[in-house]
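S.K.:
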Amino acid sequence: RDFCEHFQPICERSWSGATGVLPNPDLSTDKDHRYPNIQPVFITVDPDRDTPEGIKQYLSEFHPRFVGLTGTKEQVDKCCKEYRVYYSMSPKDADNDYIVDHTIICYLIGPDGQFLDYFGQNRTAVEIAEGMGRNINKFVLENGHNGEKLRRNRQSAAKKELEK
Numbered sequence: 004r005d006f007c008e009h010f011q012p013i014c015e016r017s018w019s020g021a022t023g024v025l026p027n028p029d030l031s032t033d034k035d036h037r038y039p040n041i042q043p044v045f046i047t048v049d050p051d052r053d054t055p056e057g058i059k060q061y062l063s064e065f066h067p068r069f070v071g072l073t074g075t076k077e078q079v080d081k082c083c084k085e086y087r088v089y090y091s092m093s094p095k096d097a098d099n100d101y102i103v104d105h106t107i108i109c110y111l112i113g114p115d116g117q118f119l120d121y122f123g124q125n126r127t128a129v130e131i132a133e134g135m136g137r138n139i140n141k142f143v144l145e146n147g148h149n150g151e152k153l154r155r156n157r158q159s160a161a162k163k164e165l166e167k
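Residue numbers for the sequence shown follow the working numbering, so the first one is 4 and each next one is one higher.
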C-alpha cells in the first residue's frame, strides 16, 4: 500500500495550514518572505509502517523544505513523551491494516532548541504566521538575529568555564 493512503484528511489540513507560512517554493529567492529560516520537521509516530522513502514522498506534496524523521519504536516513544504527544494504534483488521489516532500539533522551536510555542489543529495559516511572528520577533529582540547574542553568551560561558 502507498504510504500516503494511511494519512487522514485532518493531518493533511494541519500540514497545509502550517506550510502556509513558509516561503513559496516556486519563487527563486526567499529574501522577501517573513520567515526564510524556518525548518519544518515531521516526526512519524508509526515507524513500523512509515518508511523514510514514504515520508519523503508524502512531505514532498506540501513543501520542499520539510524534513521527515523516523527511528526505532523506542526513539519515537521517547520523543513523543518529551513533547507530550499522544498516539494509539487501533487493532489490525482482516487486511492487517490499522488506524493511528494521535495528537495533531505543530511546535515552534527556537534556534537554541528551546520550545517557543505550539499551534493546534484548529489554527489557520494566518494565526500560525502571527504566532510565529510574535515569537520570532521576541527571540530576535532577546538574542539578536539568528541568535547571535545567544551564541556569544554561550561562548563567553564556555570560555569562563575553561579558565577555571
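Idealized CB from N, CA, C, for every residue including glycine.
Distance check for Pro50 and Glu130, CA to CA, integer angstroms please.
M.R.: If you take the alpha carbons of Glu130 and Pro50, they lie about 31 Å apart.
S.K.: At which residues does the alpha helix (DSSP H) containing Asp49 begin and terminate?
M.R.: No alpha helix (DSSP H) holds Asp49; DSSP gives it neither H nor E.
S.K.: Determine contact between the region 45-61 and the region 71-84, defined as no fewer than three beta-carbon pairs at a distance below 8 Å.
M.R.: Counting Cβ pairs under 8 Å, three or more are found: they touch.
S.K.: Compare the C-alpha of Asn140 against each of Asp120, Ile102, Lys163 and Ser91 and name the closest.
M.R.: The residue with the shortest Cα to Cα distance from Asn140 is Asp120.
S.K.: Would you mind giving the Cβ-Cβ distance between Gly134 and Phe142, rounded to the nearest angstrom? I have them listed as a contact below 8 Å.
M.R.: The pair is not a contact, with the Cβ atoms about 13 Å apart (cut-off 8 Å).
S.K.: Please report the straight-line C-alpha distance between Val88 and Phe118, rounded to a whole angstrom.
M.R.: Each residue's Cα considered, the two are about 14 Å apart.
S.K.: Evaluate Ala97 with the Cβ neighbour count: other Cβ atoms within 10 Å of its Cβ, from every protein chain shown; 16 or more gives buried, anything less gives exposed.
M.R.: So Ala97 ends up on the exposed side.
S.K.: Taking DSSP as the reference, what is the three-state secondary structure of Leu30?
M.R.: Low confidence applies to Leu30: its pLDDT is 47, below 50, so where it sits in the model is not reliable, and the reading given next is rough at best. Coil.
S.K.: Where does Phe69 fall in DSSP's three states?
M.R.: Correct three-state label for Phe69: coil.
S.K.: Helix, strand or coil for Ser147, going by three-state DSSP, please let me know.
M.R.: Per the sequence shown, residue 147 should be read as Gly rather than Ser. Here Gly147 sits in coil by DSSP.
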